[in-house]
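The sequence shown begins at 875 in our numbering and counts up one residue at a time.
C-beta: ideal position from N, C-alpha, C; glycine also.
One structure below.
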Amino acid sequence: MTLFEKLTEKARASRQRIVLPEGTEPRTLKAADRIIADDIAEIILIGNPDEIKRMAADMNLDNIARATIVDPADNHVIDRYAPLLYEIRRHKGMTEEQARLTAANPLYLGCLMVKAGDADGEVAGAQNTTGNVLRAAFQVIKTRPGISVVSGAFLMLLPPDSPFGTDGVIVFADCAVLPDPTSEELAQIAVCAADTARVLAGIEPRVAMLSFSTKGSAKHERVDKVVRATELVHKMDPALICDGELQADAAIVPSVAHKKAPESMLNGKANVLVFPSLEVGNIAYKLVQRFAGVEAIGPILQGLAAPVSDLSRGCFPEDIYKTIILTCCQAIGSK
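Here it is as structure tokens:
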């Protein structure tokens, strides 16, 4: 059984409530119909009920009838969620009237449903930008205790006979969100990526804090940032197996680790790679994906108090289907 098959069975065994704010988006409807047909999750669609029903009929999506449809234009819906938004944002100057208007925005409404406990997770981004998806999540759901940043990880699924990673999986982070993290932010990314490895990949994390230097082989302020981040990781989670600063080969190749970092607790067997900046992480995952034919699942947003997943606007229904499954598993892992 592949990792994704395992995740699918995990989601099916503990069906979560996933809200889809882009309820009138055709690819989203196709993915939702398949999720319902496969009995993986309870789907909540936000949008005009008549339009959703018409689109489902035109597209022969028979299972959409089993979804819960929430109309953002329904005053009863706004009456329920606007007061919650007002309480969350009034210290920022939001008025009750502004709360009602904002709560009618599907992205905010979806997050409010999660915040209120009426949904377990949200998936959006087929129509909306990452900035808009994250803004609503930041303002409503916020970050989990002890974490101040949101980051994006990828599960890199390697060939079965690969000598790297654990059970054919390596986690890459941050490859999607934070351009130039501080030492404190880098440490938070590492701790969250370790959780992603446990919850989604089912592996015990071995975290490498990557740099162009291994154990002082180079001197630079960017090396110092990674060294400091590694120290902070050990303070945040003393039990976590984590080492740095390490060059990539010293992190994942035992023979190289033996020469460059003989005292490293990783011994060249890292399965979570934390990159020092977004540009490095983003370039690395795409090169590995293209050159080696490795499947990259993500981005998986980390650090929020409840799971919100962002899609590419160029995504396919299959991508949305898989992201819903990942979001279900994140929700299960957070309980």
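Cα separation between residue i and residue j?
i	j	result
F878	M968	42 Å
A1125	I920	45 Å
P946	G897	11 Å
C1202	V893	11 Å
N949	M929	24 Å
G1188	K966	34 Å
I917	I1206	16 Å
Q1062	E961	28 Å
N934	E925	14 Å
D1123	G1142	8 Å
I1115	V1081	6 Å
A906	A1068	29 Å
L1234	H1108	The shown model of the chain, from 875 to 1209, leaves out residue 1234, and the question about it has no answer.
V1007	R963	17 Å
A978	L1120	48 Å
Y1219	D932	The requested residue 1219 is not part of the displayed model; the chain covers only 875 to 1209.
Between the options, which lies nearest to residue i when the distance is taken from Cα to Cα?
i	options	result
L1185	T1197, G984 and D1111	T1197
I1015	I943, G995 and N922	G995
M1030	G1042, R1102 and S1022	G1042
S1138	P957, Q972, R964 and G1090	G1090
I943	E1078, D912, R963 and L983	L983
R1096	L1060, C1116 and D1069	L1060
T1056	V997, F1038, V1007 and T1104	T1104
G1167	R974, C985 and S1036	S1036
Residue i bridges to which residues according to DSSP?
i	result
T1222	Since the first residue of the chain shown is 875 and the last is 1209, residue 1222 is not available in this structure.
Q1176	S1025
I920	V944
L894	L919
E1169	L1031
S1183	V997
I1115	R1080
T1017	L1178
L1147	F1046 and A1082
L1120	L1084
Using a 10 Å radius around the Cβ and a threshold of 16 neighbouring Cβ atoms, would you call residue i buried or exposed?
i	result
S888	exposed
K1099	buried
T902	buried
M875	exposed
T1003	exposed
L1161	exposed
S1087	buried
E899	buried
D1277	This structure does not reach residue 1277, given that the chain is present from 875 up to 1209, and the question cannot be answered.
G1020	exposed
G1005	exposed
G1118	buried
Validate contact between the stretch 1162-1172 and the stretch 1019-1038 using beta carbons, cut 8 Å, 3 pairs: Yes: at least three Cβ pairs fall under 8 Å.
Stretch-stretch touch, CB-based, cutoff 8 Å, three pairs: the stretch 1043-1055 with the stretch 1146-1166: Yes: at least three Cβ pairs fall under 8 Å.
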